[in-house]
């Protein structure tokens with residue numbers, strides 16, 4: 001039918017700073033492994049996690065929740081139970097039809113890019129969200145491992161965010177080559193100057209993993225600390241899979257009961273509601289900072305709907321430019337937008353240079369950061385999510401600076417893939433020789449896609465002696 | 001935003017045979033009273049009702065259910081509690097936004113006519129269904145009255161359907177002027193010739209009412225015995241209204257608890273599932289007979305989804321032409337379509353001449369009627385739903401032929417509006433003199449709109465001495 005089915009995955013802009021080791025046999029989904037935009041059976045290894053730290057009221061309590069997307073299968077050694085590509089065509093056709101109907105009736109939707117207003121107005125120009133038709137078997141032990149890692153990573157993000165010097169020092173070189181990170185660091189510095197404290201800190205993170213088939217290791221690709229998408233639609237995909245397997249599981253040899261529960265949306269909403277209660281003004285709203293056009297609006301609307309229905313908390317959708325125009329700081333630091341006091345600033349935008357086309361957007365970001373509203377994320381949490389920090393944390397003895405529990409540290413380290421900066425000429429040489437073993441990852445969030453070394457190697461050799469900035473710009477112009 | 005908000009109403013083709021008395025002050029929704037396709041606050045008085053009669057197993061049991069669409073307000077004398085058109089514009093804007101989001105997340109959708117494939121493929125080209133933003137206050141006593149009438153009308157339809165002579169005699173004149181009804185009567189005659197019995201009879205009806213403000217009477221407009229639409233989406237509108245009033249009811253002076261429960265979809269599905277069980281073959285399916293292009297497919301998909309999820313009953317969607325191509329009758333009368341035995345034929349098409357563009361569709365209709373599958377409706381039930389039969393039943397002493405309970409008869413008669421054929425020259429004269437007091441209704445179901453006498457009066461005077469056929473054709477050409 002010409003429609004495309006693929007898992008929702010989080011992709012990033014075409015700029016690079018770090019290298020991430022991965023193997024071509026990794027079973028996790030990579031878009032470029034499916035060049036034909038038609039049928040795909042695959043799976044995304046993503047862990048949504050929530051993290052709320054309240055310093056003033058309960059100094060030592062971490063209200064970490066963790067929620068998961070994915071379907072598990074016991075044991076590492078078992079391969080997929082069925083040959084997905086051998087499924088009877090008539091059966092696939094029926095499943096596709098049922099899945100399309102299910103998506104329509106249950107709000108698994110996005111705006112259709114061919115309809116102009118679909119990113120502006122809800123209820124018009126809707127099309128089913130892209131999804132994998134069936135869950136991909138995934139070892140239960142690794143799934144449990146990812147589940148266990150979530151609160152430890154949350155704790156780590158929080159601890160690192162409090163070490164301003166570590167952040168500034170680690171990103172000092174990045175600052176010189178990346179104007180965007182430089183602006184973020186400037187805001188961070190300003191907050192340090194005014195001695196701004198965030199007593200209530202809220203993180204809604206998503207950690208992405210790949211399963212390395214050769215070493216049988218679960219390796220972290222990245223941790224998203226800003227604007228982690230698909231908590232709303234992701235759990236619907238689990239429901240869809242469960243429903244399909246209820247009807248067709250017997251023919252496929254798949255058991256719907258093995259599809260794990262995925263409460264991403266309710267957990268995100270619980271964390272937001274908990275933070276809202278801590279802010280302690282029943283009339284205050286949650287400010288959802290959004291793009292001027294957002295075709296993924298229904299993923300966000302699910303959270304707003306659950307907040308309203310389950311917790312009677314209202315959300316206010318505004319773009320950065322609108323916040324610049326409407327937003328005001330009261331003398332006590334209270335943020336007021338559209339005449340309403342803001343309890344939480346929840347970013348679903350702001351992670352990429354394209355989100356700040358003018359000074360207006362930067363003014364809005366600074367205004368919100370200066371306020372006493374809870375930021376999700378704060379500028380510090382945002383900076384912790386950069387690849388450069390991920391790389392620093394992977395260095396020997398760095399985790400020990402932030403975490404006390406040796407077991408926790410060992411667990412984190414076990415899932416770290418090798419991470420190298422392009423400063424390291426030995427590793428760059430190795431990458432040029434064996435491009436299939438590496439993936440190039442950008443420094444920051446958001447955008448179009450990963451940059452696969454195997455296709456970049458020619459360009460890379462030609463620019464390897466130039467500066468990093470040059471290298472990045474070279475690619476951006478392509 | 002340029003989108004249109006209106007209640008889902010059932011409208012009919014532009015052909016005429018009967019006159020129905022109504023008053024211009026009637027509070028029920030009439031599309032032509034809202035010429036501007038923008039904002040509308042109104043309400044549809046429709047009663048969905050289900051009727052399953054099983055003759056062989058339980059001869060005297062009527063498994064009638066009745067479900068309602070609408071919102072009530074106690075007492076007849078109270079006017080609307082708020083001036084809908086005086087609501088603050090900002091509040092309306094918020095409610096519209098929330099309603100559009102709610103519709104998208106909860107499957108209150110139709111195919112967008114501007115997207116070519118939206119009537120063919122689910123999950124593409126979707127737009128929110130048209131809906132009224134708020135419920136219209138409606139007297140509880142009349143709502144209860146309609147609720148009480150449902151099983152009596154069901155009983156009446158069933159009794160009349162069994163009187164073949166009454167049907168043939170009553171429609172004998174119609175047969176001469178209406179080729180479509182003539183074809184239906186031919187099938188009916190053929191069934192009489194082969195002495196075809198329908199031991200299990202299933203009716204999924206919708207009765208439409210208008211509230212006459214002058215006489216304070218609830219008057220029946222028509223009873224739909226074939227392809228009654230919006231059981232799926234209709235109850236979502238009640239949920240939408242309840243949700244909106246939960247959030248905005250206080251500002252509007254409306255209480256969400258006063259929006260009555262509307263279980264139309266589940267009741268329809270329960271009746272279908274009950275009939276399916278009576279058919280007694282766990283492998284048999286329900287054949288959903290559909291249009292080749294159906295933008296109202298989600299209304300139907302809700303029923304299929306509830307049948308599958310709640311009762312593990314599968315539906316098969318086929319057009320009349322496809323049934324002609326694929327359908328087979330086994331020697332014992334079993335209907336097989338696409339290799340699957342059919343327990344129930346559920347028509348969501350077949351009510352209008354346009355649904356039968358060739359002999360192929362008529363062959364399919366005959367094939368299904370000859371089968372031992374349960375028809376919803378049978379040809380007899382279909383014929384009972386014509387306006388001519390409605391008119392006959394309104395004549396003195398006719399109801400008494402079919403019903404025994406005098407109270408039931410009185411209840412039905414109380415809701416009958418005056419009905420006249422165009423044969424009656426006195427009433428035609430009166431209608432020409434006072435067009436605002438009459439509405440012209442077509443003989444059969446489906447199509448575009450009612451024909452309001454006030455705008456038809458000029459045409460009418462010019463053709464009044466011609467035959468009915470001429471009269472109808474004259475209008476069809478306009």
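Residue numbers (the UniProt record's numbering), protein chains in the order written: chain E, 1 to 478; chain C, 1 to 478.
Built from N, CA and C at the ideal position, the CB exists for glycine as well.
- Collapsing the DSSP output to three states places residue 343 of chain C in a strand.
- Runs of the alpha helix (DSSP H) lying entirely within the UniProt domain "Glutathione synthase substrate-binding" (284–384) of chain C, each at least 4 residues long, are 297–311, 320–326, 359–370, 379–384 in chain order.
- In this structure the stretch 363–381 of chain E does not touch the stretch 120–127 of chain E; the number of beta carbon pairs closer than 8 Å is below three.
- Scanning chain E for C-beta atoms nearer than 9 Å to the C-beta of residue 234 of chain C yields nothing, as the closest lies near 15 Å away.
- Sequence-ordered contacts of the stretch 250–279 of chain C with chain E are nonexistent [C-beta pairs closer than 7 Å].
- With a threshold of 7 Å between beta carbons, residue 333 of chain C makes no contact with chain E.
- The contact set of residue 247 of chain E on chain C, defined by CB atoms closer than 8 Å, consists of 308 in chain order.
- Rounded to the nearest whole angstrom, the CA to CA distance from residue 208 of chain E to residue 162 of chain E is 24 Å.
- The alpha-carbon separation between residue 317 of chain E and residue 158 of chain E amounts to approximately 27 Å.
- Secondary structure note for residue 440 of chain E: its beta strand (DSSP E) is the uninterrupted segment 438–441.
- When CB distances to chain C are screened at a threshold of 8 Å, the residues of the stretch 118–134 of chain E falling below it are 121, 122, 123, 124, 125, 126, 127, 128, in chain order.
- Contact of residue 107 of chain C with chain E is assigned, a C-beta pair being separated by under 7 Å.
- Residue environment: residue 407 of chain E is assigned as exposed (fewer than 16 neighbouring CB atoms within 10 Å of its CB, all protein chains considered).
- With a 10 Å radius around the Cβ and a threshold of 16 neighbouring Cβ atoms, residue 413 of chain E comes out exposed.
- Taking the C-beta atoms as reference points, residue 388 of chain E is found no nearer than 7 Å to residue 156 of chain E.
- Here the alpha carbons of residue 423 of chain E and residue 48 of chain E stand approximately 32 Å from one another.
- Among the bridge pairs identified by DSSP, residue 111 of chain E is matched with E:126.
- Three or more beta-carbon pairs separated by less than 8 Å are not found between the stretch 324–342 of chain E and the stretch 197–206 of chain E, which leaves the two stretches without contact.
- Residue state for residue 416 of chain C is assigned as strand, using DSSP reduced to three classes.
- With fewer than 16 other beta carbons inside 10 angstroms of its own, residue 91 of chain E counts as exposed.
- Here residue 191 of chain E is not bridged, per DSSP, to any residue.
- Of all residues in the UniProt domain "Glutathione synthase substrate-binding" (284–384) of chain E, only 298, 301, 302, 304, 305, 308, 309 place a beta-carbon less than 8 Å from a beta-carbon of chain C.
- In this structure, residue 115 of chain E sits away from residue 295 of chain E, with a CB-CB distance that is not shorter than 7 Å.
- Residue-level contact check: residue 162 of chain E does not touch chain C, since none of the beta carbons of chain C fall below 7 Å from its beta carbon.
- Here the alpha carbon of residue 333 of chain E sits roughly 41 Å from the alpha carbon of residue 128 of chain C.
- For residue 169 of chain E, the three-state secondary structure derived from DSSP is helix.
- A straight-line Cα-Cα distance of about 20 Å links residue 277 of chain E and residue 289 of chain E.
- Secondary structure at residue 211 of chain E: strand, using DSSP grouped into helix, strand and coil.
- In the three-state reduction of the DSSP assignment, residue 421 of chain E falls in the strand class, which pools E and B.
- With 16 or more other Cβ atoms from the protein chains shown falling within 10 Å of its own Cβ, residue 348 of chain E counts as buried.
- In the DSSP assignment, residue 389 of chain E falls within the unbroken alpha helix (DSSP H) covering 387–393.
- Annotated as distal: residue 417 of chain E and residue 344 of chain E, with beta-carbon spacing of 7 Å or more.
- In the displayed model, residue 219 of chain C falls within a strand according to three-state DSSP.
- At least 7 Å separates the CB of residue 398 of chain C from every CB of chain E.
- Among the bridge pairs identified by DSSP, residue 224 of chain E is matched with E:206.
- DSSP, reduced to helix, strand and coil, places residue 144 of chain C within a helical segment of the structure shown.
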